[in-house]
Amino acid sequence: MPRHTGALTQDVGGLLGEFEGILGRGLSHGAILGAHGGRVSVWAGPGRLGRMADMTVQREFADQKLVIIGGGPGGYEAALVAASLGADVTVVEEQGMGGSAVLTDVVPSKTLIASADTMNRFASARDLGVHVGDDLDATEELNNLRVDLDKVNVRLLRLAATQSRDIKRGLERVGVRVVQGRGKIVDRHTVVVEPTDDEPYELTADVVIVSVGAHPRELDTAKPDGERIFNWKQIYQLTEIPEKLIVVGSGVTGAEFASAYNGLGSEVTLVSSREQVLPGSDTDAAQVLENVFERRGLRVLSRSRADAVENTGDGVRVTLSDGRKIRGTHCLLAVGSIPNTADMGLEEAGVAMTESGHIRVDAVSRTTAPGIYAAGDCTGVMPLASVAAMQGRIAVAHILGDIVHPLRTDEVASNIFTSPEIASVGITQQDVEADPAMFTGMTMNLATNPRAKMMAVDDGFVKIFARRGSGTVMGGVVVGPRASELIFPIALAVTHRLGVDDLSDTFAVYPSLSGTIAEAARRLHVHR
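Note that the working numbering has the sequence shown beginning at 140, numbered continuously upward.
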């Protein structure tokens, strides 16, 4: 392949910064770049011309020492990628590998929801010709079903512990050193580890990645006690289904737990400070969920803010800002989270923070301090395990000089594990309505889908948003059973800039819920 060189007549400092943002750390004036197939890579750095022929980016940076503080999705994914590229990697984790996502959040909550989904399916069993007992009406049949919450919680905690052990073994198998303790930053190249039952010691690092997650936010007038008032880490201590559960907070966590415990048999009241549950989500999707909640007997108190929660001994009393009081047997607080960044030495090391305590990062996970990166909930980018994992992988690619694809939040698919599920990706309905000349959309109800009819599914829809003229898929929303799985083809289209015709021309199984995705895309066809 012919190679050409030439002198640049302009200052390349700005270009260098752009290339570094794509290619990773270690790029400097005098580096030799190679271009092939539309991609740019580092061939050699200054003073290394004699080694150019046998050099790769990975080999040049493989001897780097990485210390990762936090073993959640951002931390352990970063460790796996770094180890695969030959780096010397140490992970410092205080609780257990997997962090809150595995031990107290994603894995336990979604396992609980799986049990609730099983109960919800019995609600339509008669429509499918399935009877639980003889000579019983529908209400009696459902009353005969019982959830052993103690066994449910034992199972989910066991699954979480097993997953945590598997992650640790997987890391150790590829050469990652895992140490127990709390990590603090002394300076950009020094991390002190504070074990629970031993003396602190220091680790040296070329680069530090911070991925310490977040913990439940508390109200001064509503302190979880682990008996009647719980946060989302403590709720798995329950051994019996709460008779009357009050959930404070109607965001993703609150809505998911309210939906789950309603399915498990609790009488649930959801206290929402907003006009609608799931603020910030698709309004049509939130309306479907509220309709389902109402039909299933779950009470939503809209525009109601909780001022205080008290344990009365035999129950709880929640005082609302307008003076109303509601009573229940238990209360779950789901009022947001706080990053675990306090007293870590971050600001002293030059890391810029937000007022909420989150770490400021760019699209390749860099902080404002050279040599310190961050990933996950502690960054406040998007509180999703998948985003944390991607941030960790991107950070390592940038650190070790691999090809980097900066994080694009408009390509992130997310799901709310209520019943029905709500999944979304890309632009929103609000974006479409704000610029109707640029975007268009199509909504199709699942009730018209043959497979949905066979499954007795009445609730849900598919939305696809596209760019006018080109038909490029820009986003979508799916509400229905396993929406978390159904959103994938739309997310694939958004990420790779596929058109609606690419979706509609792809064979969908008949009958299938995914057929509605193809049909919605077909109706957005751009005639040329």
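Ideal Cβ placement from N, Cα and C applies to all residues, glycine included. Bear in mind that the values here come from a model prediction, so they are computed numbers and not experimental data.
Spatial distance of residue i from residue j (CA atoms)
i: M236; j: I374; result: 21 Å
i: A660; j: G419; result: 25 Å
i: I656; j: V269; result: 30 Å
i: R321; j: I385; result: 34 Å
i: R532; j: P212; result: 10 Å
i: N430; j: T343; result: 56 Å
i: T507; j: I348; result: 13 Å
i: D244; j: G484; result: 26 Å
i: A221; j: E379; result: 44 Å
i: N584; j: T557; result: 18 Å
i: E338; j: Q234; result: 17 Å
i: A361; j: G314; result: 45 Å
i: F604; j: A425; result: 18 Å
i: S553; j: V616; result: 10 Å
i: R304; j: L459; result: 43 Å
i: G388; j: A226; result: 43 Å
i: V448; j: V427; result: 29 Å
i: T468; j: L288; result: 16 Å
i: P381; j: D598; result: 27 Å
i: V230; j: V318; result: 6 Å
i: S350; j: Y649; result: 44 Å
i: V271; j: S643; result: 41 Å
i: V571; j: G638; result: 17 Å
Counted within 10 angstroms of its Cβ, other Cβ atoms place residue i as buried (16 or more) or exposed
i: A491; result: exposed
i: G189; result: With a pLDDT of only 31 at G189, under the threshold of 50, the placement of this residue in the model should not be trusted; the figure read from the coordinates follows. G189 should be labelled exposed.
i: G654; result: buried
i: Q302; result: buried
i: M593; result: exposed
i: G209; result: buried
i: Y726; result: Because the chain is modelled from 140 through 667, residue 726 falls outside the range shown and cannot be assessed.
i: K602; result: buried
i: M676; result: The question about residue 676 has no answer, for the chain in this structure spans 140 to 667.
i: D574; result: exposed
i: T548; result: exposed
i: K464; result: exposed
i: S263; result: exposed
Residue i versus the options, residue with shortest Cα-Cα distance
i: G402; options: I306, M258, V206; result: M258
i: G452; options: P509, D482, D364; result: D364
i: V551; options: S651, I380, T634; result: T634
i: R285; options: F556, D266, F261; result: F261
i: D640; options: F627, M521, E658; result: E658
i: V206; options: N584, L642, G519, V535; result: V535
i: P668; options: K602, T579, I629, A591; result: Coverage of the chain is limited to positions 140 through 667, which leaves residue 668 absent and any answer about it impossible.
i: V457; options: K383, D423, A481; result: K383
i: E311; options: M577, T422, V228, I465; result: V228
i: R265; options: F646, A595, V231, P628; result: A595
i: S609; options: D482, V665, M581, D570; result: V665
i: I252; options: F396, E487, Q319, D549; result: F396
i: A218; options: L539, T250, D287, Q569; result: L539
i: D680; options: P559, M613, D256; result: Because residue 680 is not part of the residues shown, which for the chain are 140 to 667, the question remains open.
i: H328; options: R316, E341, T408; result: E341
i: P522; options: V391, T493, N450; result: V391
i: D482; options: L224, N283, V325; result: V325
i: K290; options: N450, T250, L471, L417; result: T250
Bridge partners - residue i, DSSP secondary structure assignment
i: E550; result: DSSP output for E550 lists no bridge partner at all.
i: H354; result: I477
i: Q319; result: E232
i: L440; result: V410
i: Y512; result: I348, R505
i: K464; result: T458
i: V386; result: L409, L471
i: A659; result: Looking at the DSSP assignment, A659 forms no beta bridge with any residue, so it has no partner.
i: S563; result: S553, V616
i: R606; result: F578
i: G638; result: T611
i: D287; result: In DSSP, D287 forms no bridge with anything.
i: L523; result: Partner(s): none; L523 has no beta bridge.
i: I368; result: C470
Residue i at chain C interface by Cβ criterion, 7 Å
i: E433; result: Absence of chain C from the displayed structure is noted, only one protein chain being present.
Quiz prompt | Contact between the region 321 to 333 and the region 431 to 444 (3+ Cβ pairs under 8 Å) | solution = no
Quiz item: Within the chosen definition, does the region 353 to 367 reach the region 474 to 491 through at least 3 CB pairs nearer than 8 Å?
Solution: yes
Practice problem: Check whether the region 282 to 302 touches the region 438 to 448, taking contact to mean three or more Cβ pairs, one atom from each stretch, closer than 8 Å. | Solution: no
Quiz item: At a cut of 8 Å, does the region 492 to 509 reach the region 402 to 414 through at least three beta carbon pairs?
Solution: no
Quiz item: Touching or not, the region 502 to 513 and the region 543 to 553, by the rule of three or more beta carbon pairs under 8 Å?
Solution: yes
Quiz item: Counting Cβ pairs closer than 8 Å, one from the region 505 to 517 and one from the region 208 to 227, do we hit at least three?
Solution: yes
Quiz item: Is the region 619 to 639 touching the region 552 to 565 in the sense that three or more CB pairs, one from each, lie closer than 8 Å?
Solution: yes
Quiz item: Between the region 521 to 529 and the region 574 to 588, do three or more beta carbon pairs fall short of 8 Å?
Solution: no
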